[in-house]
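Colleague: Below you'll find the structure I mean.
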Amino acid sequence: MFRLQSRILQTLSKRSSSLLQTRNYMTPNYEFRESIDRGREQYRVKNAIVSLSLCGLITGIYFYSMYAVDQEDYSDVPMPEEKKE
């Protein structure tokens with residue numbers, strides 16, 4: 001029983017040590033490494049297109065909402081009577 005537990009602990013410690021190793025994506029000057037920049041380069045144009053599209057959609061919804069509220073004159077809502085004191 002004790003041997004089995006010690007083997008399990010040894011296996012877990014070996015696996016966890018490999019999982020806990022730090023991955024250096026940045027240089028000591030806090031700049032991205034060239035390999036990361038090359039990998040991200042293919043997504044820059046797509047990300048810019050999606051970002052601009054989302055900003056355009058949000059802006060369109062906002063201005064449409066302001067236009068729709070501006071047209072409302074509230075003529076179908078009855079006005080409350082003034083209180084006379």
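The opening residue of the sequence shown carries number 1 in UniProt numbering; numbering runs sequentially from there.
Every residue, glycine too, gets a C-beta built ideally from N, C-alpha and C.
Could you give the distance in angstroms between the alpha-carbon of Ile61 and the alpha-carbon of Glu34?
Modeller: About 40 Å.
Colleague: Cα separation between Ser53 and Tyr30?
Modeller: When rounded, the distance between both Cα atoms is 31 Å.
Colleague: Do you know how far the Cα of Ala68 is from the Cα of Pro80?
Modeller: C-alpha separation (whole angstroms): 25 Å.
Colleague: Hey, quick one: how far does the alpha helix (DSSP H) through Ser53 stretch, first residue to last?
Modeller: Segment Arg44 to Gln71, the alpha helix (DSSP H) holding Ser53.
Colleague: Indicate whether Tyr25 and Ile8 have their beta-carbon atoms separated by less than 7 Å.
Modeller: No, these two residues do not count as a Cβ contact at 7 Å.
Colleague: Name the one or two DSSP bridge partners that Met26 has.
Modeller: In the DSSP output, where bridge partners are listed per residue, Met26 has Phe32.
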